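Worksheet: one structure, shown below.
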Amino acid sequence: MVTKHSTAQIRKIPGVVTDAFTYKYRNAESVEWKDKLSHFQVSFILNGDKYQAAFKNDGTWSGSQKEITKDQLPGSVEDGLEKSKYADWSVDTYYQMIFPDDHHEYRLVVRKSDLNKRDLTFSDKGRLLKDKLTL
1 MVTKHSTAQI RKIPGVVTDA FTYKYRNAES VEWKDKLSHF QVSFILNGDK YQAAFKNDGT
61 WSGSQKEITK DQLPGSVEDG LEKSKYADWS VDTYYQMIFP DDHHEYRLVV RKSDLNKRDL
121 TFSDKGRLLK DKLTL
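1 is the number of the first residue of the sequence shown in the working numbering; add one for each residue after it.
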């Protein structure tokens, strides 16, 4: 059974967007939508895993991210982190990012202190692609 929760929306989520989501993630549960103006973001649970997905206004899927554990992180990404200047930082959260062309990237939220946090994106080969400050 799919349960749908909507938070305060600026506009109604188009049927084409909800239909595209339902088609892609038939067994999603605890579905919550957010209007991000340029796209719609949906958070949900699938097979016990936490996901977020983005859909354009026309229903086109832009990508998803799934929360994973350190054990699910590819060795190449772990090696990439170990070789980076963030090797001694602690990892708060691990995400696997899935894109329409079927390639994967890995997002790690790391912290040195409560005020010093970074959002790192690695290729599946372990190369650091993005490094940005986060709150």
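The C-beta atom is built at its ideal place from N, Cα and C for all residues, glycine as well.
This one's a predicted model, so the numbers in the text were calculated from it and none came from an experiment.
(message) Between residue 111 and residue 97, how many whole angstroms is the CB-CB distance? I'm expecting something under 8 Å.
(response) Incorrect: roughly 20 Å between the Cβ atoms, too far for contact.
(request) Would you kindly report the start and end of the unbroken alpha helix (DSSP H) that includes residue 85? (result) No alpha helix (DSSP H) contains residue 85, which DSSP labels as neither H nor E.
(request) Confirm, please, whether the CB-CB distance from residue 65 to residue 86 is below 8 Å. (result) no
(request) Scan the stretch 6–84 and note each continuous beta strand (DSSP E) run of 3 residues or more that stays entirely inside, going in chain order. (result) Listed in chain order, the complete beta strand (DSSP E) runs (minimum 3 residues) inside the stretch 6–84 are 29–35, 40–46, 49–55, 61–68.
(request) Could you pull the start and end residues of the beta strand (DSSP E) that residue 113 belongs to? (result) Here residue 113 belongs to no beta strand (DSSP E), and DSSP marks it neither H nor E.
(request) Identify whether residue 118 lies in helix, strand or coil by the three-state DSSP scheme. (result) Reduced to three states, the DSSP call for residue 118 is strand.
(message) Bridge partners for residue 133 per DSSP, in chain order?
(response) 118
(request) Could you tell me if residue 116 is buried or exposed, where buried requires 16 or more neighbouring beta carbons within 10 angstroms of its beta carbon? (result) Answer is exposed; the Cβ neighbour count stays below 16.
(request) Keeping to the same chain, check which residues put their C-beta closer than 7 Å to that of residue 58; ignore five residues upstream and five downstream. (result) 16
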